[in-house]
Each structure stands twice: as C-alpha cells, then as structure tokens.
Amino acid sequence: SRDVWTEDSIHLCLSLYLSLISSNHYLIQPLATIYTVVDKDIKRVILQILEIPIREMGMTSPELLKLIRNCPQNAEGLITRIIHILTQQMPPSHV
Numbered sequence: 001s002r003d004v005w006t007e008d009s010i011h012l013c014l015s016l017y018l019s020l021i022s023s024n025h026y027l028i029q030p031l032a033t034i035y036t037v038v039d040k041d042i043k044r045v046i047l048q049i050l051e052i053p054i055r056e057m058g059m060t061s062p063e064l065l066k067l068i069r070n071c072p073q074n075a076e077g078l079i080t081r082i083i084h085i086l087t088q089q090m091p092p093s094h095v
C-alpha cells in the first residue's frame, strides 16, 4: 500500500526543515533537488510556505544566488517563486 501525504503532513514535515534554512542557507540546495522529483501536491505546498525562509535569507545570500544561477532541471517553478518573493517589495540588487 502507498502512503498518502495530506497537506497537513506535508506542512509538518517541511516546517522544521524550512525553519533551519534561515540559519543554514546551504539547505536550500537539497530542497531544490527534492522539489524536482516530488508530486504536484508537495510542490504546491513547498511554493506556498517558502516565503518566510526566502525573505529571511534575502537576495544577497550566496547559496540562494548560486541556486538561481544554476537552476536544477525541473525546478523552474521553484526558482520563479523565489525570484518573485525576493522582488515583491523591493527592487533587485545589482550583485
């Protein structure tokens, strides 16, 4: 039998990981890799709850900039959301 992931269980599992991203920016890289292979429901939840960790990282985070520059195949939706979050209330920096 296949385990069924509910939106609540996805939120629960991701919440700790996403809270750690603020203090360890490297963790954004594995999240992008995971994003490329999960189903659409998990992708949707990732995109929904990503805003606070990305804002806390900020657009000058070397790991975040590295991820944007080297977008993994099939992670375009994630990268688009990250860029949208970063530029939503402030213009992009000239890094």
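Just so you know, the UniProt record's numbering puts 62 at position 62 of the sequence shown, and the rest follows in order with no gaps.
Ideal Cβ positions, reconstructed from N, Cα and C, are used throughout, including at glycine.
I'd like to know whether the C-beta atoms of residue i and residue j end up nearer to each other than 8 Å.
i, j, result
"GLU63", "GLN88", "no"
"PRO53", "SER9", "no"
Could you give the distance in angstroms between the alpha-carbon of residue i and the alpha-carbon of residue j?
i, j, result
"ARG81", "LYS66", "15 Å"
"ARG55", "VAL4", "31 Å"
Under a Cβ-count criterion, where at least 16 other Cβ atoms within 10 Å of its own Cβ denotes burial, should residue i be classed as buried or exposed?
i, result
"LYS40", "exposed"
"VAL45", "buried"
"LEU78", "buried"
"ILE20", "The residue you asked about is not Ile; residue 20 is Leu in the sequence shown. LEU20 is exposed by the Cβ-count criterion."
"residue 181", "Residue numbering for the chain in the displayed model covers 1 to 95; residue 181 lies beyond these limits and cannot be assessed."
Once the 5 residues before and after residue i are set aside, which same chain residues still bring their CB inside 6 Å of it?
i, result
"residue 165", "With the chain covering 1 to 95 only, the question about residue 165 has no answer from this structure."
For residue i, collect the residues of the same chain with a Cβ closer than 7 Å to its Cβ; drop the 5 residues on either side in sequence, then sort them by chain order.
i, result
"CYS71", "ILE79"
*Hey, which unbroken runs of the alpha helix (DSSP H) at 4 residues or more fall wholly within the region 31-73?*
40-49, 51-57 and 62-69
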